[in-house]
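Here the structure is laid out as structure tokens; the discussion comes afterwards.
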Amino acid sequence: MNANAENRNGLLRVSDLRTYLDVPSGVIKAVDGVSLEVNRKEAVALVGESGSGKSMTALTIIRLQPVVARILSGEILLNDVDLLTLDTASMCDLRGTEIAMVFQDPMTYLNPVMRAGAQVAEVVLEHQEVSKGEARSQVLDAFERVGIPSPQRVYDSYPHQLSGGMRQRVLIAMAISCRPSLLIADEPTTALDVTIQAQIMDLLAHLREELQNALFLITHDIGLVAEHCDRIYIMYAGQIVEHADTFTLFAEPKHPYTEGLLRSTLSPDKRVEVFETIEGQVPNPTDMPSGCRFHPRCPHVKDVCREESPPSLDLGEGRMVACWLYE
Amino acid sequence: MAGDYPLLRYSVRRILQAVPLVFWVIIINFTIIHLAPGDPAIYLASVTEATPEAYAELRKEFGLDKPLYVQMGIYLWKLLHLDLGYSTWHNSPVLGVIIDRLPATMLLMATAFSIASLMGVVLGVIASRYSYSVGDHLATLASLAGYSMPIFWLGQLLILFFALYLDWLPSQGMYSMRGVEPGWPAVLDVLKHLLLPAITYATYHMTLVFRITRGKMQETLAQDFILTAKSKGLNERRVLYRHALRNALLPVVTVIGINFAYVMAGSVFTETVFGWPGMGRLIFESITARDYPMILGIFLVVSMMIMLANLITDILYALIDPRVAYN
Ligand SMILES: Nc1ncnc2c1ncn2[C@@H]1O[C@H](COP(=O)(O)OP(=O)(O)O)[C@@H](O)[C@H]1O
Ligand code: SF4
Ligand SMILES: [Mg+2]
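One line per chain: the protein sequences are X and R, in this order.
Residue 49 in the working numbering sits at position 49 of the first sequence, and the numbers go up by one each step.
So the mapping is simple: the working numbering equals the position in the second sequence, first residue as 1, plus 1000.
Printed below as a string of structure tokens:
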């Protein structure tokens, strides 16, 4: 299972990562002991409510966490190299080439005063020894690959001239332009129309087949990942509370939080937000509940849950759950 | 196709919009001067101790007995022929005096203004890079001092220290009294005279530009597209200058443009303190002498310069931000 250190398909291995944020009201344990793995060519999802620390996990992996962040512990191995020990220049060399990222809101993640094509060409020119003309033709190829209907026109357009869906395609083209082995997509469809959402998800799946990259998909919408991901990590309040392959997780969820998430997705009104259907609220990030962080909202809470945090239990066949019910 | 050159179309439109403005400025300037208390004929008459008859004669000679709109018509007609009137005080045509004085002001203000703008921007970027470090705090403090110090006071301090105490630099005028050989020695002589007044004006302007740049850079660096730029693997310098600065520059350009309007106000203080033979001193002299044709001529030239500066600012703005010209 996970602990198999000789896993030759291993691409990314994060262990015991802790990213704390120093904010005026105290310390936010945004990422608190997270361990996860992504293998080559695999699609893995990280699912949790808004504020659970998903973005901070991804940002720490590419070492672009905000200045208020402190990394207290952990290892981020990419191809057996610990990214946390790399100097800045080597880290820059990896960004865009080995790990690329697509962010949530295509409206704000493109530079408003630079032409779309130039923004993508910049990645190519930064990492490859090519002429400007060659970079341009590579970008046009990438635009075609991500299904942009008139690549020439989009190349010379400014972001404000493009629709949300088109901008997200530009950002995806940017991310894949140097064929990274790991593509991290942080809520890539959250800001888009429902019809466009499906198109973008299909595009990511299609690209993965073509380019053979691994996909680390971050989302608050568990419904989105069923069709597209091999394995799922469930995150709650900075911690991974359950992990299983997609089929098993949907068929028999173990953690009460996962059950809640699935119930809300399967509820007849699909548009109901997750946190509206699980009782209670996401805990105050600077003042986490004692014991199991989910206990104030858990329907199965036991005495021990309030005092001690549950251990991560290995259920075999790659399954993991952190809950006293299975002790 | 006109649609392919939005910037050109925008610039032409702005220039056309400026034409009626020029006309209004002429009329308003004319009216304001004539509404101001104090009759130049009375002033001249009192100087020459003239009789009432001579006074009437004077009014007639200057056309002051004609209705205001006729005076304005004559004035406009003369303007069309580049005749800005005749200054009795200087005993020569207004335009000639202005053209005589303009180069000195251009040399002083253009040098100070452009060097200060450039340095303000560069220092602002550097300070934003090292936000909240000791150096940044010191720079901010220094800029606050430079910004709030009255120009004439700073000028006098500099004269006291560098001209009187150290005796390194001249304190008055643009040329040395004793003749200097033509060629390089003459150029050097002017530069030596230029240094103190240029620093005096530049200090104020630079600290203003510095503060705006630093603030806008900090704001811009917190925006989402900066994260995208970093995730591409660009090094810090590229992120700062290629992505952040271009966006932060928009408000900076506006402030520089607005500030250009105050260049003449600044030159009045600077040139008076340093005995610099330029427009600033001419303004001061003409107002004290109530030299109406001169004041009117200066107002006109200064207004034109300000309008030109605004025009250039607008076009620069559109050049930096594509959204301006496209909408
Ligand atoms: N730049 C920041 N400064 C302070 N707190 C932050 C910052 N970014 C995120 N946080 C906090 O960190 C926690 C985790 O946030 P995030 O990783 O963005 O969650 P998610 O992506 O799962 O919605 C939240 O409590 C959030 O408020
Ligand atoms: S540990 Fe206890 S409170 Fe936490 S999820 Fe399991 S049962 Fe619920
Ligand atoms: Mg997020």
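Ideal placement from N, C-alpha and C gives every residue a C-beta, glycine not left out.
Annotation for E242 of chain X: the continuous beta strand (DSSP E) segment containing it runs Q239 to D245.
Interface flag for R95 of chain X against chain R is set, since a Cβ pair is found closer than 7 Å. With a threshold of 6 Å, the Cβ atom of V47 of chain X does not count as near ligand 2, since no heavy atom of the ligand is closer than that.
If you keep only unbroken beta strand (DSSP E) runs of at least 3 residues inside the region 66-125 of chain X, you get 69-78 and 99-102. When the alpha-carbon of I200 of chain X is set against those of X:E259, X:A173, X:A251 and X:G96, the nearest one is in X:A173. Taking A142 of chain X as the centre and dropping the five residues before and after it, the same chain places the C-beta of A173 and S177 closer than 6 Å to its C-beta, in chain order.
Looking at the DSSP output, A185 of chain X sits in a beta bridge with X:V102 and X:L217. At a beta-carbon threshold of 9 Å, none of the residues of chain R lie near F216 of chain X; the nearest stands roughly 13 Å away.
Between the C-alpha atoms of R293 of chain X and E317 of chain X there is a straight-line separation of about 26 Å. Interface annotation, Y158 of chain X: in contact with chain R, CB-CB separation under 7 Å. Judged by beta-carbon spacing, C92 of chain X lies within the 7 Å limit of G1233 of chain R, meaning their Cβ atoms are closer than that value.
Residue state for A191 of chain X is assigned as coil, using DSSP reduced to three classes.
Those residues placing their Cβ nearer than 6 Å to any heavy atom of ligand 1 are, following chain order, X:L21, X:V23, X:I28, X:A30, X:G48, X:S50, X:G51, X:S52, X:G53, X:K54, X:S55, X:M56, X:P66, X:V68 and X:P285. Residue range P1322 to Y1326 is occupied by the alpha helix (DSSP H) that includes R1323 of chain R. For L11 of chain X, the enclosing beta strand (DSSP E) stretches over residues G10 to V23. By the Cβ criterion, the region 1190-1208 of chain R is not in contact with the region 1233-1243 of chain R, since fewer than three pairs of Cβ atoms, one from each stretch, lie closer than 8 Å. Shortest gap from the CB of P256 of chain X to any heavy atom of ligand 2: under 6 Å. Distance from the C-beta of F247 of chain X to the nearest heavy atom of ligand 2 is not below 6 Å.
A contact is defined here as three or more CB-CB pairs under 8 Å, and the region 1103-1113 of chain R fails this definition with respect to the region 1302-1309 of chain R. At a beta-carbon threshold of 8 Å, none of the residues of chain X lie near A1145 of chain R; the nearest stands roughly 28 Å away.
Across the structure, M235 of chain X and L1008 of chain R are spaced so that their CA atoms are roughly 53 Å apart.
The region 70-82 of chain X and the region 149-169 of chain X do not touch, with fewer than three beta-carbon pairs separated by less than 8 Å. For ligand 2, a non-hydrogen atom lies closer than 6 Å to the CB of V301 of chain X. Put simply, of X:S309, X:M288 and X:M56 the residue whose alpha carbon is nearest the alpha carbon of G26 of chain X is X:M288. Here the C-alpha atom of F1225 of chain R lies approximately 23 Å from the C-alpha atom of T1254 of chain R. Chain X has a Cβ within less than 7 Å of the Cβ of S1231 of chain R. Any Cβ of chain X closer than 7 Å to the Cβ of T1272 of chain R would place that residue at the interface, and such an atom is absent.
A direct Cα-to-Cα measurement between Q1017 of chain R and S1011 of chain R gives close to 10 Å. Taking non-hydrogen atoms of ligand 2 into account, the C-beta of L325 of chain X is found less than 6 Å away from one of them.
Residues of the region 1119-1139 of chain R with a C-beta less than 9 Å from any C-beta of chain X: S1131, listed in chain order. With a cut-off of 8 Å on Cβ pairs, the region 230-250 of chain X is in contact with the region 35-48 of chain X, counting three or more such pairs.
For L315 of chain X, the enclosing beta strand (DSSP E) starts and ends at L313 to G316.
Under the 8 Å Cβ criterion, the region 1165-1173 of chain R does not count as touching the region 1117-1126 of chain R, having fewer than three qualifying pairs. Residue-level contact check: N284 of chain X does not touch chain R, since none of the beta carbons of chain R fall below 7 Å from its beta carbon. Beyond the five residues adjoining it in sequence on each side, V14 of chain X comes within less than 8 Å, by CB distance, of V34, S35, L36, E37, T57, I61, G74, E75, I76 and L77 in the same chain, given in chain order. Here K41 of chain X is near A214 of chain X, since their CB atoms are less than 7 Å apart.
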